[in-house]
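Here the protein sequences line up with chains A and B, keeping their order. Note that the first sequence covers residues 1 to 792 in the numbering used here. Note that the second sequence covers residues 793 to 1017 in the numbering used here. Quick reminder that beta carbons are idealized off the backbone N, C-alpha and C, glycines included. Below: the structure, in structure tokens.
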Amino acid sequence: MRRDLPPLLYDSQAPARARGRLCRAGAAPGAARGERSAAGSRRRPGPARHGALDYPHVQIPFEITLWILLASLAKIGFHLYHKLPSIVPESCLLILVGLLLGGIIFGAEEKSPPVMNSDVFFLYLLPPIVLDAGYFMPTRLFFENFGTIFWYAVVGTLWNAIGIGISLYGICQISAFGLTDITLLQNLLFGSLISAVDPVAVLAVFENIHVNEQLYILVFGESLLNDAITVVLYNLFKSFCQMRTIKVIDIFAGIANFFIVGIGGVLIGILLGFVAAFTTRFTHKIRVIEPLFVFLYSYLSYITAEMFHLSGIMAITSCAMTMNKYVEENVSQKSYTTIKYFMKMLSSVSETLIFIFMGVSTVGKNHEWNWAFVSFTLLFCLIWRALGVFVLTQIINVFRTIPLTFKDQFIIAYGGLRGAICFSLVFLLPPAVFPRKKLFITAVIVVIFFTVFIQGITIRPLVEFLDVKRSNKKQPAVSEEIYNRFFDHVKTGIEDVCGHWGHNFWRDKFKKFDNKYLRRLLIRENQPKSSIVSLYKKLEIKHAIEMAESGMISKVPSSVSLSDYHEGKIKPLSPTEMENMREILTKNLYQIRHRTMSYNRHSLAADASEKQAKEILIRRRHSLRESLRKTNSLSRERPAAANTKRFLSLPKNTKLPEKLRVRNKTSSRVGDSSDSDLDAATTVLNLRPRAGKILREQRLRQQRPLPEFRVEWKNEVDGSQDGRGEQQDPSTLPQPSIGFRQPLLTRPRFGTLSREDLTADHGSARPMPPPRLVRQASQGDRQRNKPENQPY
Amino acid sequence: MMFCGTEDPFGQLGTAVLAVLPLSFLCTGRAWGAEKPLARHANLSLSFFSSSVSHSQITRLYSRFTSLDKGENGTLSREDFQRIPELAINPLGDRIINAFFPEGEDQVNFRGFMRTLAHFRPIEDNEKSKDQNGPEPLNSRSNKLHFAFRLYDLDKDDKISRDELLQVLRMMVGVNISDEQLGSIADRTIQEADQDGDSAISFAEFVKVLEKVDVEQKMSIRFLH
């Protein structure tokens, strides 16, 4: 009994049938059922027979589910051994699983396993991957390096494609290899599809090597633009192949077409991105389906662009990049998290499916082996890539402020792994025009395997080898790491004080335009604006309380340890102790703030640095709060403004600094500076008072209060000591007690609370400073407050 | 007929224009002029910068200064610095901010701002031999190190005591290190640097420890160049 494999997997020999069945996967049971009736599984009216197998009824969704489930299980298995992901890229594993599967199917049936349908790939599997890449693209860095990225993507791809095509054509001319029937155009087409670089596997490696930050964005951006260009080139050459004669004018038309396709796609994407942002402005009543808009609009941009024969990849990328900024601020926190995770999930699934198909398709009778063609293809891929990167870098380094080093070039060149795109494109070749299609398929598969397995696995050791070679061999002292990190932090801090590095006229212009028009239009009012704010919104006080309760944050070094020191000499440490120390330091020193998070298709990498940021913010909140208190005390009156925002983490009756409120240029927005992040720090300052009491204060502030602050600090202490007596009674809410207030904290919603909450009490003019933790908060207080901490 | 079988809604006329457009992107990333006049600090003598600082960079920093200055009174206070969110999550944020303010003062004007930033200018080769008998430029290696030293040394006794070191260490590490471990790391650091046995790091010892470290590169900010 021949197992009826799902139609989506059939070769495109039967496009009509496949397309007909695959309108929506699993969503048209009627049609499928109707078609299947020919196969003889007509449903009989009457009571259903329980226990009988009605497989054809559910075949399509069933098999799709099984495929995806299998892929995910493979991933779990992959991560079981914790060292494996760092050695072997995930794509390798997926291909292996696919090979296994293909082998099984082949062995069971003695026929070629299913291969992918063009529609399925381009309409369903590719968009999520590109969307994911586009959404998480760090826009600023992208545009700063756009010239380089564009240069590598366009010129590099052209260089590769034409170079490989022509050299392969040269090889084909040698009659000994039996390849003379492959024309130049076919070679060019082959060259264009094989030059599609998919360096995502390399990006996963980047996390462990210390890499120039620029490199992320270069490799990342290049891969995105690269995909679009490859597809365009491919279509171009394919149509050339199908034309009888080619005039010179056609070539120029082709080039121009290339630009039109790209730019047209970008425009569609931007347009739909703005529409999406605008839509999310009004979604605060229907939070639950907010993520849907993001996905729908991006997918819409993709298929709209495809409809016009423009570049869908560019469309969806630009849509995602446009949407990102505005949507992030309009949607709720949970929706935002949902979007991120769902996107990652979709792209992971897509990529997985593609690689498994690749593995499955390798096994079988789809091949034609020709030593010369295959090996020369591989050789030329490597050579042209390396040459291309090298030559292009020499040229582009002249224009760059930060030149690319040899190590960077090596990584870019060696990291040119081929992946899903070339695989799919080769399957789409119309066999009528390409009689040697199987040869091409074989060659592509060999190249992909080689690059993914060999290059993917060896790139990390090679880079480390390069690194080690250049750094000196002496054992660094324990303190060196501290000093190095110290300097890095200082440098980063000063860079942040100086503002964004690189002054760019266009960007400033765009920012002004953005602030004046776009943000007003697209962003819902009453929104906090920066990422620090959203970070702080996510700062769960419960987590902070837990941390504090386990005594982890900034403990006072006990007097015991101090006296230890004074009494004894420092004993020299053994090498193992030194090693331990070094290891402790390496693991625990805070990271420098990176401007870009490294992109990883398989996970959201933000957590570690968020944790770090949280810890630092908690520690520093006293000094930060000091400054807020100072600005508070400068102005006394209440604002008359209609709609003052308060950020979620503020306790109910905290006053924002007057300066911020007064500066509303638009009536309903806090802070307006072109450096829109500047007002955010105020939201940083105000933890819930109970948590504030519980958290131990940074020792620095106690031991050496800076002279200027001494007065304030003492006042705080006095004030809070006065208020301490009242703190036991949380129910006496609206007492304007001097030091402490006990606001009733409602269950937090993600979003800002409006001013109505602010005006609940406190008719008195004097703004209350947010209560602060004082060192003397005793155990007793802590105990007392713990059960009262109900808000969450 | 021209466009390879695809229907092309755009005319051929547009293509020439569109073909030129991407080339302009190659220049993105560099300053595109727009040198705005430097407002009231035009005659500010920034003598601690050598003449090789360009007008546009001063302009740039001045506009940054004004955008930070919320009170619009020509000086920055600590609160203005603390509004920079990246600085808020910098472990050494407080110390860096304090470095801008001269002793005992609360406000820093543009001159003081630039003075501190001057420490981070990269050292240029032609400067090294130029002015031997003049005052040492602020971005010399020694002054950079002095700047860093002052970040450690809060009480300004020209020594980094174990205590001060511990404070900085505590700021720089996560919550998983116990005090004992941190103490022993601090001890080890002092031990490696200390030569005269006073269990504190003097400036000379500090310089000696860092002689192999490329301080010029680590404490230079590129765009000031």
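Mind checking if residue i is an interface residue toward chain B, Cβ cutoff 7 Å exclusive?
{"i": "residue 318 of chain A", "result": "no"}
{"i": "residue 284 of chain A", "result": "no"}
{"i": "residue 347 of chain A", "result": "no"}
{"i": "residue 590 of chain A", "result": "yes"}
{"i": "residue 137 of chain A", "result": "no"}
{"i": "residue 321 of chain A", "result": "no"}
{"i": "residue 328 of chain A", "result": "no"}
{"i": "residue 315 of chain A", "result": "no"}
{"i": "residue 616 of chain A", "result": "yes"}
{"i": "residue 432 of chain A", "result": "no"}
{"i": "residue 305 of chain A", "result": "no"}
{"i": "residue 456 of chain A", "result": "no"}
{"i": "residue 613 of chain A", "result": "yes"}
{"i": "residue 581 of chain A", "result": "yes"}
Helix, strand or coil for residue i, going by three-state DSSP, please let me know.
{"i": "residue 750 of chain A", "result": "Note that residue 750 of chain A scores 39 on pLDDT, short of 50, meaning its location in the model is unreliable; the coordinates nonetheless yield the value given after this. Coil."}
{"i": "residue 614 of chain A", "result": "helix"}
{"i": "residue 197 of chain A", "result": "strand"}
{"i": "residue 952 of chain B", "result": "strand"}
{"i": "residue 913 of chain B", "result": "coil"}
{"i": "residue 180 of chain A", "result": "coil"}
{"i": "residue 994 of chain B", "result": "strand"}
{"i": "residue 908 of chain B", "result": "helix"}
{"i": "residue 134 of chain A", "result": "helix"}
{"i": "residue 403 of chain A", "result": "coil"}
{"i": "residue 798 of chain A", "result": "This structure cannot speak to residue 798 of chain A, because chain A is shown only from 1 to 792."}
{"i": "residue 289 of chain A", "result": "helix"}
{"i": "residue 876 of chain B", "result": "coil"}
{"i": "residue 348 of chain A", "result": "helix"}
{"i": "residue 79 of chain A", "result": "helix"}
First and last residue of the alpha helix (DSSP H) that includes residue i?
{"i": "residue 322 of chain A", "result": "312–330"}
{"i": "residue 438 of chain A", "result": "437–449"}
{"i": "residue 257 of chain A", "result": "248–280"}
{"i": "residue 388 of chain A", "result": "371–397"}
{"i": "residue 849 of chain B", "result": "847–860"}
{"i": "residue 148 of chain A", "result": "146–150"}
{"i": "residue 941 of chain B", "result": "933–944"}
{"i": "residue 981 of chain B", "result": "971–985"}
{"i": "residue 1012 of chain B", "result": "Premise fails: residue 1012 of chain B is in no alpha helix (DSSP H) and is neither H nor E."}
Who pairs with residue i in a beta bridge, going by DSSP?
{"i": "residue 589 of chain A", "result": "B:965"}
{"i": "residue 582 of chain A", "result": "Paired residues: none, contrary to the question."}
{"i": "residue 868 of chain B", "result": "B:900"}
{"i": "residue 418 of chain A", "result": "A:197"}
Counting only beta-carbon separations shorter than 7 Å, does residue i have a partner in chain A?
{"i": "residue 883 of chain B", "result": "yes"}
{"i": "residue 931 of chain B", "result": "no"}
{"i": "residue 856 of chain B", "result": "yes"}
{"i": "residue 1013 of chain B", "result": "yes"}
{"i": "residue 878 of chain B", "result": "yes"}
{"i": "residue 1010 of chain B", "result": "yes"}
{"i": "residue 997 of chain B", "result": "no"}
{"i": "residue 984 of chain B", "result": "yes"}
{"i": "residue 867 of chain B", "result": "no"}
(request) With 8 Å as the limit, tell me which residues of the stretch 222–242 of chain A have their beta carbon closer than that to any beta carbon of chain B; keep them in chain order. (result) Only those residues of the stretch 222–242 of chain A whose C-beta falls short of 8 Å from the nearest C-beta of chain B are listed: 235, 236, 239, 240, 242.
(request) Using a Cβ-Cβ cut-off of less than 7 Å, give me the residues of the stretch 881–909 of chain B that come near chain A, in sequence order. (result) Going along the stretch 881–909 of chain B in chain order, one finds 881, 882, 883, 884, 885, 886, 888, 890, 896, 898, 909 with a Cβ nearer than 7 Å to chain A.
(message) Taking beta-carbon pairs under 9 Å, can you tell me which members of the stretch 475–498 of chain A lie near chain B?
(response) Within the stretch 475–498 of chain A, 477, 478, 479, 480, 482, 483, 484, 485, 486, 487, 488, 489, 490, 491, 492, 493, 494, 495, 496, 497, 498 place their CB atoms closer than 9 Å to a CB of chain B, listed in sequence order.
(message) Please list, in chain order, the residues of the stretch 959–977 of chain B that have any C-beta partner in chain A closer than 9 Å.
(response) Shown in chain order are the members of the stretch 959–977 of chain B whose Cβ falls below 9 Å from a Cβ of chain A: 959, 960, 961, 962, 963, 964, 965, 966, 967, 968, 969, 970, 971, 972, 973, 974, 975, 976, 977.
(request) Return the residues of the stretch 938–951 of chain B that lie within a Cβ-Cβ distance of less than 8 Å from chain A, sorted by chain order. (result) Cβ contacts with chain A: 940, 943, 946, 947.
(request) With 7 Å as the limit, tell me which residues of the stretch 141–165 of chain A have their beta carbon closer than that to any beta carbon of chain B; keep them in chain order. (result) Residues passing the 7 Å Cβ filter: 143, 144, 145, 146, 147, 150, 151.
(message) To be precise: take each residue of the stretch 507–519 of chain A, compare its Cβ to all Cβ atoms of chain B, and keep it if any distance is under 7 Å. Which residues remain?
(response) Going along the stretch 507–519 of chain A in chain order, one finds no residue with a Cβ nearer than 7 Å to chain B.
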